[in-house]
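Each position in the sequence shown, counted from 1, maps to that position plus 874 in this note's numbering. Report on the following structure.
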Amino acid sequence: MKKKQNKFFILDRTNELTAKSRFINVICFFVLIFYKIVYVFCRAKDYPKKYNVSVCAIFKNEAAYLKEWIEFNHLIGIEHFYLYNNNSDDDYMEVLDPYIKDGLVTLVQWPKNQAQIESYNHCISQYKDESKWIGFIDIDEFIIPIAKNSIYELLKPFNNKRGAVKLYWRMFGTSGRMKRDMNGLVTEDFTVCWPKYYIVGKCFYNTNFNYDKNYSKNRFLHHSFWTQYKGINLPPVNLEGKVSFKEFDRINTKEQPAQINHYFTKTFEEYKFKRSRGDVFFKINPHDEEYFFLHENENVSVDFTAYKYMIKLKEKMKRI
């Protein structure tokens, strides 16, 4: 079993399209044209806020990774972190306490089960007036600006005209490691990746726009955040301004202005531990060994884009 691909991406399916699916895609193509037309006229007022760009994340027993994740994403321009603790029993507070005291992190205790999307909606309702953009990422995801060195420089052109921007995943595997020294950096230890972007990614929400949290497409709003313009629900765009809808994502170049490095497995040992600790979204975690190898078998390329930030990251990691 292997993921399907097109010219642009590795797709989120292993099966061939059925006749019914192809017919639905024809209809969706015309819907896509409608969205493009609406976007020509789409505008919103751009209000100044405390932060230009923040991220929201929910975590469970990930203390070992929090420090590097905060320092790296802060380094590339994330100005604030809204973190939701989901029943962790490790030493996460020892890691987060200095960042909370410095005002970089807002910590929310979130003891509910399988309430990831609910935590995102809570973050928006409570903090949208503080930040122009809020991204929804996980602790194994690192934002990598490539064309610029700051993520806000890439989001700023969309401030008054697009409700959500999607960054694609660059998927990383084990790099052949069964286990590793946990004092090492995730962004340094893992460089073997998929040869193309995954069509799946994560979204940054432009808080100048409204959204309907009950809209069916927003069930997975971190992956595909639909916002509203004059009552019309609109899908996100990518960093080239192209609409992200079904499998109609298009890009002009193999290298995007920014990507999200998704260190999905890390070592095989870490993957097994990750599965055993439970999931913030799924009641029964579907990420079994077959799922592992479905993703691991795509790792035939390398990516060192995170390395341009490595010395600065190591300097930061020494200081706190």
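Note that the Cβ used here is the ideal one computed from N, Cα and C, for glycine as well. Fair warning: this is a prediction, and the values are worked out from it, not measured in the lab.
Look at Gln-983 and Asn-947 and say whether their C-beta atoms are less than 7 Å apart.
no
Beta-carbon proximity list for Leu-1168, same chain, < 8 Å, skipping 5 on both sides:
Met-875, Lys-876, Lys-877 and Thr-888
Between the Cα of Lys-1087 and the Cα atoms of Glu-1121, Pro-922 and Cys-997, which residue gives the shortest distance?
Cys-997
Out of curiosity, what's the CA-to-CA distance linking Leu-940 and Glu-1163?
26 Å
Ala-1132, DSSP secondary structure in three states
strand
Just tell me which of Pro-922, Val-927, Glu-945 and Leu-957 has its CA closest to the CA of Lys-934.
Leu-957
7 Å CB neighbourhood of Glu-1062 in its chain, flanking five on each side removed:
Met-1184
Same chain only: Cβ atoms within 8 Å of Lys-1035, ignoring 5 sequence neighbours per side:
Tyr-913, Cys-916, Arg-917 and Ala-918
Since Asn-1080 sits in a beta bridge, which residues does DSSP pair it with?
Trp-1007
What is the rounded straight-line gap between the Cα of Pro-972 and the Cα of Ile-944?
12 Å
Any contact of the segment 924-934 with the segment 984-996, i.e. 3+ C-beta pairs under 8 Å?
yes
Look up Trp-943 in the DSSP assignment and say whether it is helix, strand or coil.
helix
What residue range does the beta strand (DSSP E) around Thr-980 cover?
979-983
Alpha carbon to alpha carbon, what distance is there between Lys-923 and Thr-1101?
19 Å
Do Phe-920 and Asn-995 have their CB atoms nearer than 7 Å?
Contrary to the premise, residue 920 reads as Asp rather than Phe in this sequence. No, Cβ-Cβ distance for Asp-920 and Asn-995 is not below 7 Å.
Can you list, in chain order, the residues of its chain with a C-beta nearer than 8 Å to that of Lys-1070? Leave out the 5 residues immediately preceding and following it.
Gln-879, Phe-882, Phe-883, Ile-884 and Lys-1128
Separation of Ile-1025 from Phe-1083, as counted between CA atoms
19 Å
Along the chain, where does the beta strand (DSSP E) containing Cys-930 start, and where does it finish?
925-933
Below-7 Å beta-carbon distance, Phe-882 vs any chain D residue
Judged by its chain identifiers, the structure shown contains no chain D, having just a single protein chain.
Distance, Glu-1172 Cα to Phe-1099 Cα:
27 Å
Output needed for Val-1060: all residues of its chain with C-beta closer than 7 Å, excluding positions within five of it in sequence on either side, in chain order.
Tyr-939, Glu-942, Tyr-1137 and Lys-1140
Would you mind giving the Cβ-Cβ distance between Leu-1108 and Ile-991, rounded to the nearest angstrom? I have them listed as a contact below 8 Å.
So it is not a contact: roughly 19 Å between Cβ atoms.
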